[in-house]
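Numbering (UniProt numbering), first residue to last: 1 to 136.
From the three backbone atoms N, C-alpha and C, an ideal C-beta is built for every residue, glycine too.
From a predicted model like this one, the values you see are computed outputs, not experimental measurements.
Right, dumping it as structure tokens:
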């Protein structure tokens with residue numbers, strides 16, 4: 001299938017991200033519940049940034065991590081990786097599309113949520129990953 005023939009099916013579920021925190025009594029609560037907002041990278045590939053951090057270890061006192069994440073997202077300046085921090089990103093590939101993964105200075109986890117995807121390595125190895133499989 002040619003790249004130009006690939007498109008996202010209209011019936012993909014939109015996931016929700018639940019960011020949690022604690023109330024003054026120390027009881028866990030939902031801070032925000034937000035539907036995914038995907039950014040088209042190519043006609044057949046889109047990203048959804050789930051959460052970011054800017055340091056390790058993460059400072060969660062007074063919801064500082066949440067404030068920093070919101071600031072990073074509203075700035076529009078999030079790169080592919082977050083030096084000294086983390087980025088949790090959902091990548092949605094349309095059926096029949098080719099991956100765009102490449103080497104970065106980050107530790108990445110690829111979890112197949114729906115469908116199947118071929119993991120193609122520089123060595124030429126191809127591994128079929130199915131729902132629930134993880135690449136590190």
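Same chain only: Cβ atoms within 7 Å of residue 111, ignoring 5 sequence neighbours per side: Around residue 111: 134.
Taking residue 91 as part of the beta strand (DSSP E), name the residues at either end of that continuous run. That run of the beta strand (DSSP E) goes 86-93.
Beta-carbon proximity of residue 36 to residue 57, cut-off 8 Å: No, the pair does not count as a contact, with Cβ atoms beyond the cut-off.
Could you check what DSSP says for residue 73 in three-state terms: helix, strand or coil? DSSP, reduced to helix, strand and coil, places residue 73 within a helical segment of the structure shown.
Could you tell me the distance, in whole angstroms, from the CA atom of residue 29 to the CA atom of residue 66? Straight-line Cα distance between these residues: approximately 13 Å.
What is the DSSP secondary structure of residue 146, reduced to helix, strand or coil? Since the first residue shown for the chain is 1 and the last is 136, residue 146 is missing from the structure and cannot be characterised.
Between the alpha carbons of residue 13 and residue 87, how many angstroms are there, rounded? Roughly 22 Å between the two C-alpha positions.
What do you get for residue 137, buried or exposed, if any count of 16 or more other CB atoms within 10 angstroms of its CB means buried? Only positions 1 to 136 of the chain appear in the structure, and residue 137 is not among them; the question remains open.
What is the DSSP secondary structure of residue 39, counted as helix, strand or coil? The three-state reading of DSSP puts residue 39 in strand, counting E and B together.
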